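Notes follow the structure.
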Amino acid sequence: MKACSFWGIVAIIAGVGAVPAEISQDAASQLAPRSKHSSNHGRDSHGEESEESSIPIGLPVLEIVADNPAPTKKSISVRAGPNKPDGQREAVAATEIARRVISSMNEEFAGGVFYRGDTRPPSEVFAHGFSPQGTDADLHHHLNFAGNSRYVSLTLSAATAERYSRGRTGSKTDVGYVYMITPQNVPNGYFIPDIFNEPAVLRNFEFAAAGDIPASSIVGCYKVYKDGKTSAWIRNKRFIAPKSNCNVMKRELCPHNEKTEKPSEKEDLKKHKNGAKPNTPKGKPEFEKQTSSGKKMESFNNKVTKNRFLQWTSNLDPECFQPISDAIKNGELDLRDYQLAFKRALSMVISDRWSQFDSVERAFASLANIAVDVFETIRTKVPTYFWRDVLMLLPDVAKNISRGATPEERLELANHDTHPAVVAWTYTPVGRVNELLAEKAAKKAPAAQTFVSVLNSVWSWTPLGWVFNHVFPLEPLIQEKIHVRTLPAS
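Sequence positions in the sequence shown follow mature numbering (1 follows the signal peptide of the UniProt record, and there is no 0) and run -18 to -1, 1 to 472.
Printed below as a string of structure tokens:
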């Protein structure tokens, strides 16, 4: 079987729009800017200078910038516009920076999310979000902790956020917090390593957001203790997950960009029928881009033939597949039900086994690569029997979701209490395709050959799909249980 281009597949399946996701009135009420006294930078509620309330992620540029960094009367903020917060440089979209995957000193970062270290507890942050201290848009002043900054510091690295979670050097608290933030509704800003080429700047991976970060964009947090240990995940009930369908997502989070050439659907279908690869938009798909070491990522076809893949499946046994196969043979469930249930089952197992990952950073890095890079999943040490537990849960979860009377009810059940690591995974190319297919499955749409072939082609190159098709082949059951129409003549 040949791997299809995900860009071509998404073009076949998805329509594209640009309607922003709505925010509930309860969450929207929390978005009003706060005063300096409640800001994360500056003074605390008693009017005294508080190190605990100022936890920037960025570099302490006192090491590389001249002393006396105080803002002058010629503050850049006077001249700053919406597209150039500092009056000089074009701001970049938070979504563009969040999608970057960066490697430095063997540290892997999961694309799609930001982190921020802060001493303030969730009771405050989940209610108010993050706000800048003031209006000074000078990046040197911001990095030098001069005060009155119009930026909120974020980072791509959870490890960096942990270093700042308990405060600055010399005034650290016993407990700090690392908050995870999606780029949804995060204002444009500057990725500091793109501007200042200093070692201390580069290792912090800071994104300076030029404005308020609403509570609805904060997924949750975990505690960081003095001894380096971390707590269980603390979910933010006010978090509003970005909708996966491109019709309601920001354009930057869609699997392909409308600005690129859209491939012909008929041409793609014709090529797919003949076994050829569909056309792709300009630019390389994510899995063909060069890695940080300069080497091209190998094709999925080469990956699944390597012996190391057996390490990943070694903890699976036939018992995992028996309930799945029985439900299909008995007509209780079909592949669409499992497609819809996969994300929910994955979330449940992650929640149960969260503490078994080596570290929070590695957990997110590993799970963000589910269905994108099998060997990355191995390298980042998914806990033993992790996938077995997912497979064992699938039938019960699928049956529960299938009880929903309407597509909306089924989707609500499938997306209930989604773990933040799974939210991060939905930003990956295959994660996006999984979301689109799940929405189709919720509607119980007729399984035309276009849908079935695309579904099975994509799914077969994911870890879960590979196991299914080799240990328990699904294609005969698909043909037996689902009416398949022929492709229209081209």
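For each residue, glycine too, the CB sits at the ideal point set by N, CA and C. As the structure is a computational prediction, the values presented were derived from the model and not from experiment.
Taking a cut-off of 8 Å for Cβ pairs, the region 176 to 189 and the region 138 to 150 touch, as three or more such pairs fall below it. For residue 200, DSSP records a beta bridge to 163. Between the region 65 to 83 and the region 159 to 177 there are three or more inter-stretch CB-CB distances shorter than 8 Å, so the stretches are counted as touching.
Going by DSSP, residue 146 is part of the alpha helix (DSSP H) stretching over 140 to 146.
Per DSSP, reduced to three states, the secondary structure at residue 189 is strand.
In the displayed model, residue 100 falls within a strand according to three-state DSSP. Cα atoms of residue 373 and residue 107: separation of roughly 36 Å, rounded to the nearest angstrom. The three-state reading of DSSP puts residue 168 in coil, since its state is none of H, G, I, E or B.
Look at residue 211 here: in three-state DSSP terms it is coil, with no helix or strand label.
Secondary structure note for residue 184: its alpha helix (DSSP H) is the uninterrupted segment 181 to 184.
Distance from the CA of residue 394 to the CA of residue 326, rounded to the nearest whole angstrom, comes to 10 Å.
Residue pairing by DSSP places residue 158 opposite 206 in a beta bridge. Under the DSSP definition of a beta bridge, residue 134 partners with 191. The beta-bridge partner set that DSSP reports for residue 118 consists of 131. The criterion of a C-beta distance shorter than 7 Å is not satisfied by residue 182 and residue 67.
Burial state of residue 176 is exposed, judged by a 10 Å Cβ sphere holding fewer than 16 other Cβ atoms.
Residue 420 places its beta carbon 7 Å or farther from that of residue 379. Per DSSP, the beta bridge partners of residue 74 are 171. Only buried fits residue 77, as 16 or more other CB atoms lie within 10 angstroms of its CB. Your pair residue 216 and residue 112 does not check out as a contact, with CB atoms roughly 16 Å apart and the cut at 8 Å.
From the listed residues 164, 110 and 205, the smallest Cα separation to residue 148 is found for 205. Taking C-beta atoms under 8 Å as the contact rule, residue 223 and residue 405 qualify, at a distance of about 6 Å. In this structure, residue 333 and residue 401 form a Cβ contact; the two beta carbons are roughly 6 Å apart against a cut-off of 8 Å. The continuous alpha helix (DSSP H) containing residue 389 extends over residues 389 to 396.
With contacts defined as CB atoms closer than 7 Å, residue 126 and residue 116 fail to qualify as a contacting pair.
Per DSSP, the beta-bridge partners of residue 216 are 203. Taking 7 Å as the cut-off, the beta carbon of residue 220 is found closer than this to the beta carbon of residue 198. Non-local C-beta neighbours of residue 163 in its own chain, meaning closer than 6 Å and more than five positions away in sequence, comprise 96, 199 and 200, ordered along the chain. Of the candidates 132, 425, 377 and 166, the residue whose Cα lies closest to the Cα of residue 386 is 425. Looking at the DSSP output, residue 112 sits in a beta bridge with 195.
Straight through space, the alpha carbons of residue 150 and residue 128 are spaced by roughly 14 Å.
Closest in alpha carbon position to residue 80, among 377, 102, 213 and 166, is 166.
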